[in-house]
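Chains D and A are the protein sequences, given in the same order.
If you count by this note's numbering, then the first sequence holds residues 221 to 647, one letter each, in order.
If you count by this note's numbering, then the second sequence holds residues 221 to 647, one letter each, in order.
2 protein chains.
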Amino acid sequence: MGLTTAAIISTGTEILQGLYADTNARWLAEQLSAEGMEVRLSAAAPDDAEEIESLLRYAAQRADLVICSGGLGPTADDVNREVFARVFGMALVRDERAVTMMRERFARRGREMPESNLVQALVPEGAIVLYNEWGTAPGFFIPPAEERGRAHVHAPSCALLALPGPPRELYAMFRELALPLLRERIGARRYVLKRVIHTFGAPESEVGQYVHDLFATTADYAYTMLAKPHGIDIRIVVRASSLEEATLRLNELEKETRRRVPQELIYGYDDDTLPAVVAKMLTNHHIRLAVAESCTGGLVSKLLTDIPGSSAFFVQGLVTYANEAKMRLLGVHPTTLEKHGAVSEQTARAMAEGARQIADADYALAITGIAGPSGGTAAKPVGLTYIALADRANTNVQRFVFGGDREFNRMFAALTALNWLRLKLMT
Amino acid sequence: MGLTTAAIISTGTEILQGLYADTNARWLAEQLSAEGMEVRLSAAAPDDAEEIESLLRYAAQRADLVICSGGLGPTADDVNREVFARVFGMALVRDERAVTMMRERFARRGREMPESNLVQALVPEGAIVLYNEWGTAPGFFIPPAEERGRAHVHAPSCALLALPGPPRELYAMFRELALPLLRERIGARRYVLKRVIHTFGAPESEVGQYVHDLFATTADYAYTMLAKPHGIDIRIVVRASSLEEATLRLNELEKETRRRVPQELIYGYDDDTLPAVVAKMLTNHHIRLAVAESCTGGLVSKLLTDIPGSSAFFVQGLVTYANEAKMRLLGVHPTTLEKHGAVSEQTARAMAEGARQIADADYALAITGIAGPSGGTAAKPVGLTYIALADRANTNVQRFVFGGDREFNRMFAALTALNWLRLKLMT
């Protein structure tokens with residue numbers, strides 16, 4: 221048999237008040253799916269013993285494995301361990317190794333452990349204790365009914381994994397301690413493979429037209445599209461009973477997608493980002509880049525220097541927000557600014573050429589625009605943006621009118637500039 | 221009586237595969253809490269009629285109002301309307317106004333509506349239809365049992381609100397169409413007020429020491445702390461049966477917090493951000509600022525120019541990633557770089573002074589450091605960062621060793637620099 225279906229429970233009143241995103245649940249869903257398990261429920265309950273018990277009993281009916289995160293702290297609102305012991309008909313016992321680890325943890329920080337922390341060392345008798353090297357509260361794993369000894373008559377047959385709520389602790393304990401226990405017990409393993417295909421340069425409706433008949437979401441196949449400022453992502457997930465079948469299916473779908481979507485729109489796969497792809501091309505081509513930014517205010521420089529090793533190609537960036545800076549640093553002529561304005565083809569061109577020359581760079585990108593919310597006019601509306609790309613021989617300028625808010629317009633302008641550079645380096 | 225408790229259900233297999241964050245659920249939780257409702261459950265189910273029906277029946281036992289998002293599309297995996305009609309014992313009928321609106325929507329885009337879309341106009345008979353002006357699928361509201369006519373014997377007594385999944389449509393339909401219906405029915409209204417107090421400059425443990433005995437999370441009071449790269453946030457939520465009581469309670473807690481936490485640590489409240497607070501101070505004091513960045517690569521400039529109106533104080537930013545740029549643009553002396561290195565007190569000082577002088581600015585900030593992951597040595601480890609602040613008379617340099625990854629170190633360095641400027645402007 222083994223475990224094939226899973227339910228995820230997060231506890232915390234603040235989640236139900238909308239104060240925090242429940243990042244643990246999403247992360248756990250991703251991990252369990254990657255292990256081939258089918259997640260049938262993901263739910264959050266407040267720090268209230270009755271609600272948690274009720275939800276746990278419901279989840280136990282729907283899945284072979286229930287994972288609960290949170291509620292293992294030392295304060296009165298941390299009721300999970302008591303609820304779990306009651307539902308599974310187990311006594312709570314103090315785990316002395318957990319006590320020792322907690323005392324040592326406090327000692328290393330030169331502090332005495334408050335006695336109130338001792339409650340965190342209580343675990344259901346017969347559970348496998350998961351010793352926490354990343355925080356104080358231990359987690360525990362109650363194996364499925366067939367592995368337990370004397371079974372409590374009303375105890376659910378599912379397995380229960382209890383993990384502390386802080387994400388750093390939860391991630392580490394799941395990976396290091398829980399996953400080996402689960403893998404021994406996951407039945408009828410199914411293999412899950414994912415591929416994300418990143419595009420930039422065409423709107424969602426256009427990308428959709430190429431692939432619309434491939435869209436579907438079933439338990440074994442998900443083909444979806446997501447619009448992000450960083451472009452339109454196509455996401456493919458396949459599940460199959462063998463790795464070969466899953467690989468074959470994924471490769472077929474990827475190939476079919478690549479056959480349909482124009483090659484120049486696809487900038488990368490999976491964890492690739494547009495700045496990282498451009499950074500790699502610049503490094504490989506030994507190209508020295510300079511950047512001059514007005515409306516994007518340093519964002520292009522920031523995106524490129526996010527990449528480790530960017531000193532190989534990034535010479536310098538000039539954030540010339542004020543006109544005086546455009547003149548002083550980039551040598552933009554006062555009459556250019558007077559006659560055409562700071563947001564104009566002519567100013568963009570002069571910025572790029574100035575930036576390239578003073579850095580003695582191979583290429584320079586320049587951006588000037590009106591990010592909003594104010595500063596727009598009928599002739600030069602919010603979103604109007606000029607991007608210039610200069611090399612040692614030529615300078616080209618493109619004009620755009622972006623339709624988002626300030627944050628979107630700045631990000632989209634920066635990525636559009638990087639994408640232009642990518643296309644130039646492709647040829 | 222009226223509605224006092226709520227449950228939120230999101231449907232979508234991709235949520236349970238961890239592919240997307242369930243942003244609708246968090247947003248709805250926040251809205252319902254602000255209306256004084258108590259959210260008792262937030263759960264996601266796959267696009268599977270059996271799972272959705274089961275979860276809906278469970279949620280109906282826990283709450284007076286169940287809100288379901290998603291699953292109203294035109295494809296085969298959109299099963300929600302059928303499930304809802306079955307559970308509430310209502311027939312599905314075609315709403316002709318919804319059909320007309322959908323046809324008009326397609327016509328406006330110059331397209332014929334595919335007949336497959338007609339299924340989206342089916343709604344449970346007797347439900348209040350929520351006409352969707354922001355997308356295709358209408359939503360609907362099934363009022364609580366006491367308002368319904370002939371009641372189906374197994375139908376839950378709760379009210380049901382069904383909304384389409386795309387966030388833009390869901391937000392608009394909830395605000396414009398659903399909220400008025402809910403407000404008429406929310407019983408024993410409770411008033412919810414929130415306050416976030418933002419601190420920067422002290423670790424979580426220190427902030428915690430000032431306020432640890434105020435921590436609690438109950439249905440009527442939540443006092444929590446959250447560590448973010450942008451500092452330590454203290455969050456207070458109070459609920460009370462009158463606005464006066466809630467206001468009084470919140471003000472007391474805020475006052476008590478301010479009495480305990482050193483004033484210089486608190487940079488703002490609620491939606492305030494550190495860059496925005498600094499931007500406002502610079503604008504009010506008519507101060508011209510220049511920035512020179514090495515390891516942060518434009519992030520300080522980006523954060524400041526995120527703020528609309530930053531041209532009032534931001535003169536220019538120089539991203540001098542390479543040593544040649546530090547010499548050429550900032551006039552850092554070659555022997556300073558040779559003798560002390562690019563990451564040194566001396567280089568930081570020279571960068572700030574150079575940046576201030578060439579911009580003729582009142583203040584200049586400079587940052588040089590080793591963001592990682594590589595580039596560290598025993599003497600100069602990853603995370604080592606020098607920040608310099610120059611004014612027309614003096615230059616001061618501070619040394620830090622940040623302990624995070626590249627992204628964290630860069631963000632924390634940028635915010636530490638801005639916070640220093642804030643403290644300087646406070647005096």
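Even glycine gets a Cβ: it sits at the ideal position worked out from N, Cα and C.
Cβ distance (whole Å) where valine 563 (chain A) is taken to contact tyrosine 606 (chain A) below 8 Å = 7 Å
Collapsed DSSP secondary structure at alanine 265 (chain A) in the structure displayed | strand
Hey, does glutamine 536 (chain A) have any beta-carbon neighbour from chain D nearer than 7 Å?
-> Answer yes: the Cβ-Cβ gap between glutamine 536 (chain A) and chain D drops below 7 Å somewhere.
Environment of methionine 257 (chain A) [buried if 16+ CB atoms lie within 10 Å] = buried
Assign lysine 600 (chain A) to one of three DSSP states: helix, strand, or coil.
-> Three-state result, lysine 600 (chain A): coil.
Give, in chain order, every residue of the segment 266-285 of chain D whose Cβ lies closer than 9 Å to some Cβ of chain A.
-> Pro266, Asp267, Asp268, Glu271, Ser274, Leu275, Tyr278, Gln281, Arg282
Give every residue of the same chain whose Cβ lies closer than 7 Å to the Cβ of serine 530 (chain D), excluding the five residues on either side of it in the sequence, and list them in chain order.
-> Ala499, Leu524
Interface positions of the segment 535-567 of chain A facing chain D (Cβ-Cβ less than 8 Å), listed along the chain | Val535, Gln536, Gly537, Leu538, Val539, Thr540, Tyr541, Ala542, Glu544, Ala545, Arg548, Leu549
Verify whether the separation of the beta carbon atoms of valine 431 (chain A) and arginine 479 (chain A) is less than 7 Å.
-> no
What residue does the beta strand (DSSP E) around phenylalanine 435 (chain A) start on, and which one ends it?
-> Phenylalanine 435 (chain A) -> no beta strand (DSSP E), and no H or E assigned at all.
Cross-chain neighbours of lysine 220 (chain D) in chain A, by beta carbon under 7 Å | Outside the shown range of chain D (221 to 647) lies residue 220 (chain D), about which nothing can therefore be said.
Could you check if alanine 296 (chain A) is buried or exposed, using at least 16 other CB atoms within 10 Å of its CB as the buried criterion?
-> Here alanine 296 (chain A) is exposed. Its C-beta has fewer than 16 other C-beta atoms within 10 Å.
Could you spell out where the alpha helix (DSSP H) holding histidine 560 (chain D) opens and where it closes?
-> 554-560
Opening and closing residue of the beta strand (DSSP E) in which serine 230 (chain D) lies = 225-231
Between which two residues does the alpha helix (DSSP H) harbouring methionine 445 (chain D) extend?
-> That residue, methionine 445 (chain D), is in no alpha helix (DSSP H); its beta strand (DSSP E) goes 441-448.
Tell me, to the nearest whole angstrom, how far the beta carbon of arginine 619 (chain D) is from that of leucine 519 (chain D); I am working on the premise that it is less than 8 Å.
-> Not quite, the Cβ-Cβ distance comes to about 19 Å (not below 8 Å), so this is no contact.
In the structure shown, what three-state DSSP assignment does alanine 512 (chain D) receive?
-> strand
Cα-Cα separation, glycine 595 (chain D) to valine 602 (chain D) = For the pair glycine 595 (chain D) and valine 602 (chain D), the Cα-to-Cα distance works out to about 7 Å.
What are the uninterrupted segments assigned as alpha helix (DSSP H) that are 4 or more residues long and contained completely in the segment 485-547 of chain A, given in chain order?
-> 494-504, 519-525
Inside the segment 315-390 of chain A only - beta strand (DSSP E) runs reaching at least 3 residues = 342-344, 348-350, 359-362, 379-383
Thinking just about the alpha-carbon of each residue, which of A:Pro528, A:Glu573, A:Gly561 is nearest to the one in leucine 550 (chain A)?
-> Taking only the C-alpha atoms, the option nearest leucine 550 (chain A) is A:Glu573.
Test item: CB-CB of arginine 277 (chain D) and glutamate 271 (chain A) under 7 Å = no
Please list the partners that leucine 261 (chain D) has in chain A, where partner means a Cβ-to-Cβ separation under 8 Å.
-> Leu236, Ala263, Ala264, Ala265, Glu271, Leu275
In chain A, which residues lie with their C-beta within 7 Å of the C-beta of arginine 626 (chain D)?
-> By Cβ distance, chain A contributes Pro528.
Short CB-CB distance (under 7 Å) between glutamate 250 (chain A) and chain D = yes
Glutamine 251 (chain D) lies in the beta strand (DSSP E); which residues open and close that run?
-> Careful: glutamine 251 (chain D) lies outside any beta strand (DSSP E), inside the alpha helix (DSSP H) at 243-254.
Use the C-beta contact count for glycine 330 (chain D): other C-beta atoms within 10 angstroms, 16 or more gives buried, fewer gives exposed.
-> So glycine 330 (chain D) counts as exposed.
Chain A beta carbons: is any one of them nearer than 7 Å to that of arginine 246 (chain D)?
-> yes
When the Cα atoms are used, what is the spatial distance from aspartate 491 (chain D) to arginine 455 (chain D)?
-> 12 Å
Pair within 7 Å by beta-carbon distance, serine 514 (chain D) and threonine 419 (chain D) | no
Distance, Cα to Cα, methionine 646 (chain D) vs leucine 502 (chain D)?
-> 11 Å
Mind checking who leucine 413 (chain A) pairs with in its DSSP beta bridge?
-> Beta-bridge partners assigned by DSSP to leucine 413 (chain A): A:Val458.
Min CB distance threonine 525 (chain A) to chain D below 7 Å | Yes, its Cβ sits closer than 7 Å to a Cβ of chain D.
What's the gap between the Cα of phenylalanine 622 (chain D) and the Cα of glutamate 424 (chain D)?
-> 15 Å
Check alanine 591 (chain A) in the structure and name its three-state DSSP category.
-> coil
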